[in-house]
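Take 0 as the starting number for the sequence shown in numbering that gives the first Met the number 0 and just add one per residue.
Ideal Cβ placement from N, Cα and C applies to all residues, glycine included.
Take a look at the structure set out below.
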Amino acid sequence: MAFSLDPDKPFDAAFRKVAVSQLEDAIKALRKQPRGLDEAVHDARKKFKRVRGLLRLIRPAAKDFSRAENARIRDMAADLSGGRDATALIECAAYLRGLADDGGRDMALSRLETTLRERRDSAAVSDAALRKKAKEAIHTCRDAIAAIEEAAFHADRSAAAKCIGKAWKKQLANAQVALMTVQADGADGDFHELRKKSQTYWMFCALLSPAWPSALKAKRNDAKALADLLGHEHDLSMLLQLLDSPDAPGLDSETLATCRDAALETRAQLRRRAIKSARKTFGDEPDVEARIIRTLWKKRAHAHHGE
């Protein structure tokens, strides 16, 4: 099912349909595991992020419910995260190898990739433990679905449009604050915060796309590309933290220094690109953009109901 709200439906019913479908997809991934357990967990966690984005959108209409369900799904995703973080570091080393322009750097990164793979395989949560966590997550998803199916926040179309406008304004304003912080300070955590804001913004664009299909598709694509760029940046920051920690891979100092230089160079490039992209993506006034979205959603919903 498309990740968008149906303006034909009452707001709470449209929310329930999308949220339940995402959680059912997560259950299916965790049960069937078509590409193995690790990939199933990765797919499920992507669905959980989408549900959390949706919960942020409806928060002005259902504050306590939204907060409680967001916490439930956040904790479930965190419980499943261990193996994925180790895999992300391996993928990050492979990504840097793809950018390497000399043999010495490629060889150093190849050694790093091999060492990270060995570390993951020796320290990995055992399959049995991860399967147990996946089973627990399926039960948690079912509990979340039951709570969502009970949820009713009887917003008429005007109230729904107002809720959407309020959530949008807050999200865009928060994204702009995150961008300003990144430009002023640029600490690792600040870039990660900008990534989270970009992820939520592209989800809002997708969810509300029926109101303004062409513009919101373009905005969604820009925000998604920014979030993906910042995903690479975050993985590089995690890799650099590991390389500088007492727990660094057991490689000679020259190899570690070569890998660190490659990661620092690439991260600096990605950060410059991300700031430029974020200025464009989050360049409009939150008040103005929220008012447009609110008006268009209200019009679209009214048109469907002959009002």
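Counting C-beta pairs closer than 8 Å gives three or more between the segment 273–290 and the segment 219–233, which meets the contact rule.
Taking 8 Å as the upper bound for CB-CB distance, Leu108 and Leu88 are not in contact here, some 12 Å apart. In this structure, Ala25 places its C-beta atom within 8 Å of the C-beta atom of Phe47.
Around Asp234, the same chain offers Ala87, Leu88, Glu90, Cys91 and Tyr94 as residues with beta carbons nearer than 8 Å, after the five sequence neighbours per side are excluded. Counted as a single uninterrupted DSSP element, the alpha helix (DSSP H) harbouring Phe10 occupies residues Phe10 to Lys31. One alpha carbon belongs to Lys31, the other to Asp286, and they sit about 45 Å apart. Distance between Ala12 and Ser157, taken at the CA atoms: about 15 Å. When C-alpha distances from Leu56 are compared across Leu111, Ser197 and Gln170, the shortest belongs to Gln170.
For Gly164, the secondary structure class from DSSP, reduced to helix, strand or coil, is helix. Here Arg73 has Arg51 as same chain residues with Cβ atoms under 7 Å from its own Cβ, once five neighbours each way along the sequence are excluded. The beta carbons of Ala143 and Arg66 sit about 13 Å from each other, so the pair does not count as a contact at 8 Å. Within the model, the alpha-carbon separation for Lys62 versus Phe152 is close to 10 Å. Counting along the chain, Leu269 sits inside the alpha helix (DSSP H) bounded by residues Ser252 to Thr280. Counting along the chain, Ser236 sits inside the alpha helix (DSSP H) bounded by residues Pro212 to Leu242. Secondary structure in the segment 80–130: the alpha helix (DSSP H) runs of 4 residues or longer, each lying completely within the stretch, are 81–98 and 102–122 in chain order. Counting C-beta pairs with one atom in each stretch, the segment 125–142 and the segment 172–186 have fewer than three that are closer than 8 Å, which means they do not touch.
Nearest to Lys45 by C-alpha distance, out of Gly188, Met202 and Arg272, is Met202.
The beta carbon of Pro209 sits closer than 8 Å to those of Ser3, Leu4, Asp5, Pro6 and Arg299, all from its chain and outside the five residues before and after it, given in chain order.
For His191, same chain residues with a beta-carbon under 8 Å away, outside a window of 5 residues either side, are Leu229, His233 and Ser236 in chain order.
Beyond the five residues adjoining it in sequence on each side, Ile291 comes within less than 8 Å, by CB distance, of Trp211 in the same chain, given in chain order.
Around the C-beta of Lys196, 16 or more other C-beta atoms lie within 10 Å, and the residue is accordingly described as buried. Judged by beta-carbon spacing, Val40 lies within the 8 Å limit of Arg83, meaning their Cβ atoms are closer than that value. Ranking Gln182, Pro248, Gln240 and Asp283 by CA distance to the CA of Ala273 puts Gln182 first. Looking at the backbone, the Cα of Phe14 and that of Ala28 are separated by about 21 Å. Assigned with DSSP and collapsed to three states, Leu4 falls in coil, not helix or strand.
For Arg34, the three-state secondary structure derived from DSSP is coil. Around the beta carbon of Glu148, fewer than 16 other beta carbons lie within 10 angstroms, which makes this residue exposed.
Ranking Asp42, Ala160 and Pro59 by CA distance to the CA of Arg293 puts Ala160 first. Val17 sits away from Leu54, with the two beta carbons spaced by 8 Å or more. Annotation: Arg130 to Asp101 spans about 42 Å, alpha carbon to alpha carbon.
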